[in-house]
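Shown next, in structure tokens, is the structure this report addresses.
There are 2 protein chains.
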Amino acid sequence: MSPKIEKKDKILDAAEALFAYHGYDGVTMRKIASEAGVDLALAGYHFGKKMDVFEAVFQRRAGELNRTRLEALQKVQAEAGKSGPTIEKIIEAFLLPLEIAQESPDPGWKNYLALIAYVNNSAVWGEKLMSSTFDALVLEFLAAIKKAMPDADEEKIYWCYHNLSGALTLTLAQTGRIDRLSNNKCHSSDFQTAYGIMIPFVAAGFKEACKG
Amino acid sequence: MSPKIEKKDKILDAAEALFAYHGYDGVTMRKIASEAGVDLALAGYHFGKKMDVFEAVFQRRAGELNRTRLEALQKVQAEAGKSGPTIEKIIEAFLLPLEIAQESPDPGWKNYLALIAYVNNSAVWGEKLMSSTFDALVLEFLAAIKKAMPDADEEKIYWCYHNLSGALTLTLAQTGRIDRLSNNKCHSSDFQTAYGIMIPFVAAGFKEACKG
DNA sequence: TTGTAATTTCAACAAATGTTGAATATATTT
DNA sequence: AAATATATTCAACATTTGTTGAAATTACAA
Chain A
0 MSPKIEKKDK ILDAAEALFA YHGYDGVTMR KIASEAGVDL ALAGYHFGKK MDVFEAVFQR
60 RAGELNRTRL EALQKVQAEA GKSGPTIEKI IEAFLLPLEI AQESPDPGWK NYLALIAYVN
120 NSAVWGEKLM SSTFDALVLE FLAAIKKAMP DADEEKIYWC YHNLSGALTL TLAQTGRIDR
180 LSNNKCHSSD FQTAYGIMIP FVAAGFKEAC KG
Chain B
0 MSPKIEKKDK ILDAAEALFA YHGYDGVTMR KIASEAGVDL ALAGYHFGKK MDVFEAVFQR
60 RAGELNRTRL EALQKVQAEA GKSGPTIEKI IEAFLLPLEI AQESPDPGWK NYLALIAYVN
120 NSAVWGEKLM SSTFDALVLE FLAAIKKAMP DADEEKIYWC YHNLSGALTL TLAQTGRIDR
180 LSNNKCHSSD FQTAYGIMIP FVAAGFKEAC KG
């Protein structure tokens, strides 16, 4: 219950929420400090430059997220035995940990995943941060998919993953667009429905687009 | 060939490229002016505030884009006759005009579509700008899809479109991520392959996820 | 308690930013 | 050519921004 850590984390929480919604350049150190209820200079003291705050936010939950998703993959692999899991099961293992995180009582997870959506869609950050942090995990999943579709062209599998990644990213971003488009019949915050449809959608996409 | 219009358009071109890559807050009026080879005050003279420059960029090509895509839809509808076109044909009509635009000799189109990707993934801009500019067109396509899948639940169709929109958006963004992930076997700039896979991927996704 | 290290605040800096009024130049019209 | 409108530049403003040194406060060990 040491107050040091409390304030340090409050800075990360505030930065997480602000960066996720406004992007890196849309956030000021003063806004972060103010939102965290902390003096302006404190963020600099704990983390260094503004960019370092951003990276600290980005890295904070990355390890746990990668661990959870890898465990989910290993679980379906163990259940499937030597033949390996189906595409559906692999996609499920890839996505459901995110749904669980978004439904977590800690609202920070929702912000964090929206931040990942921001980074993943940015040509500025995408290559630098996303690849170094998440490619290892993604390649594990892609290997499992290749095993489940031994006849599929490798290049096509990458592009199918790209489509999966895009659909996922837009879901993580929570833009509210589907609410308006559907005249409020659907809601960006309805993750259960989102993933419930995304999983068969993507699985069918892989199967069809990787033919030949 | 009047030089007035030349400079005015150069400002929009520069702003388009910069906003697409860096986002609204990552761009300064000075960078726009400098990139356009124009005095700082000129952008303000022609367009007003910075936000007005952004909206001018966003609106400049929207009309033509909507027109082209609507024509593509009407063409496949005319070809299909009363029964209406298949999902594949509808998705094609939705996507191929974008591929053509990205391959246009005018590099501004590529930047413009990357800008749309930025806006579509942003919760700040998404609802305000995207909906008002593109929802009418999207609803035309969704109506065609509903006709092609009369048994499908409406809510599911919206979510399937959301998946399509996400996959498309990531492609428009050109982040370079797939290059790195695939160890340079795939390239963000290879639109032909991207859409060649996206179309069957999405069509199969619609069919499978809208069952029941 | 005393002393030391860690944390937090205060204050201020230099640089960058959006915006605008006035001056100049260019084009267009009369 | 003169006059008018349009376009462009110049110069400067008030804010905002990231960053940092010094002071003050708090936690902790001896």
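So the protein lines, in turn, are chains A and B.
Counting with numbering that gives the first Met the number 0, you get residues 0 to 211 for the letters of the first sequence.
Counting with numbering that gives the first Met the number 0, you get residues 0 to 211 for the letters of the second sequence.
The beta-carbon is built from N, C-alpha and C at its ideal position, and this holds for glycine as well.
* Check whether the Cβ atoms of ALA79(B) and ALA203(A) sit closer than 7 Å, and answer yes or no. => no
* Asked: Are the C-beta atoms of GLU34(A) and some chain B residue less than 7 Å apart?
  -> Judged by the 7 Å Cβ criterion, GLU34(A) is not in contact with chain B.
* Check whether the Cβ atoms of GLU60(A) and TYR23(A) lie closer than 7 Å to each other. => It should be noted that the sequence gives Arg, not Glu, for residue 60(A). Going by C-beta atoms, ARG60(A) is not nearer than 7 Å to TYR23(A).
* **Neighbourhood of ILE196(A) by C-beta, 7 Å cutoff - its chain only, sequence neighbours within 5 removed** => Once the five neighbours on either side are set aside, ILE196(A) has no close Cβ partner at all.
* Asked: Within the 7 Å Cβ cut-off, does PRO106(A) reach chain B?
  -> no
* With a threshold of 16 other CB atoms inside 10 Å of the CB of MET50(A), please say whether the residue is buried or exposed. => exposed
* From this set, THR132(B), ALA122(B), LYS184(B), which residue's C-alpha is nearest ASP152(A)'s C-alpha? -> LYS184(B)
* To do: Determine the direct distance from the alpha carbon of ILE31(A) to that of LEU95(B), and round the result to whole angstroms.
  => 43 Å
* How would you list, in chain order, the residues of chain B whose beta-carbon sits under 7 Å from the beta-carbon of VAL123(A)? -> TYR20, HIS21
* To do: Assuming SER172(A) and LEU72(A) form a contact by the criterion Cβ under 8 Å, report the distance between their Cβ atoms to the nearest whole angstrom.
  => It is worth fixing the name first, because residue 172(A) is Ala in this sequence and not Ser. No, ALA172(A) and LEU72(A) are not in contact; Cβ-Cβ is about 24 Å, not under 8 Å.
* To do: In the DSSP assignment, find the unbroken alpha helix (DSSP H) run with ASN183(B) in it and report its ends.
  => Careful: ASN183(B) lies outside any alpha helix (DSSP H) and carries neither H nor E.
* To do: With 7 Å as the threshold, decide whether the Cβ of LYS146(A) is near any Cβ in chain B.
  => So, not an interface residue.
* My guess is that PHE46(B) and PHE18(B) are in contact by the Cβ rule of under 8 Å, so how many angstroms apart are they, rounded? -> The C-beta separation of PHE46(B) from PHE18(B) comes to about 13 Å, leaving the pair out of contact by the 8 Å criterion.
* Asked: LEU112(A) lies in the alpha helix (DSSP H); which residues open and close that run?
  -> Bounds of the alpha helix (DSSP H) holding LEU112(A) are 107–119.
* To do: Can you tell me which of the three DSSP states ALA122(A) falls into?
  => coil
* Asked: Do ALA13(A) and GLN34(A) come within 7 Å of each other at the CB atom, strictly closer than that value?
  -> The residue you asked about is not Gln; residue 34(A) is Glu in the sequence shown. Yes, Cβ-Cβ distance for GLU34(A) and ALA13(A) is below 7 Å.
* **Spatial distance of TRP108(B) from VAL75(A) (CA atoms)** => 44 Å
* **Near-chain A residues of the stretch 76–98 of chain B - C-beta to any C-beta below 8 Å** => none
* Does any residue of chain A bring its CB to less than 7 Å from the CB of PHE53(B)? -> no
* To do: Could you check if ASP178(A) is buried or exposed, using at least 16 other CB atoms within 10 Å of its CB as the buried criterion?
  => buried
* Can you list the residues of chain A that THR132(B) reaches, using a CB-CB cut of under 8 Å? -> By Cβ distance, chain A contributes nothing, its closest Cβ being about 12 Å from THR132(B), past 8 Å.
* **chain B residues whose Cβ lies nearer than 9 Å to that of ASP150(A)** => Here the premise fails: no neighbours, minimum Cβ distance about 16 Å.
* If you draw a straight line from the C-alpha of PHE57(B) to the C-alpha of LEU114(B), how long is it? -> 8 Å
* Asked: Using a Cβ cut-off of 8 Å, which residues of the stretch 55–72 of chain A contact any Cβ in chain B, in chain order?
  -> none
* Asked: Of the residues GLU102(A), GLU139(A), TYR160(A), which one's Cα is nearest the Cα of ASN65(A)?
  -> Comparing Cα-Cα distances from ASN65(A) to each of GLU102(A), GLU139(A), TYR160(A), the minimum goes to GLU139(A).
* Asked: In or out: PRO199(A) buried (at least 16 other Cβ within 10 Å) or exposed?
  -> buried
* Own chain residues within Cβ distance below 7 Å of THR168(A), not counting five before or after -> ALA116, ASN119, ASN120
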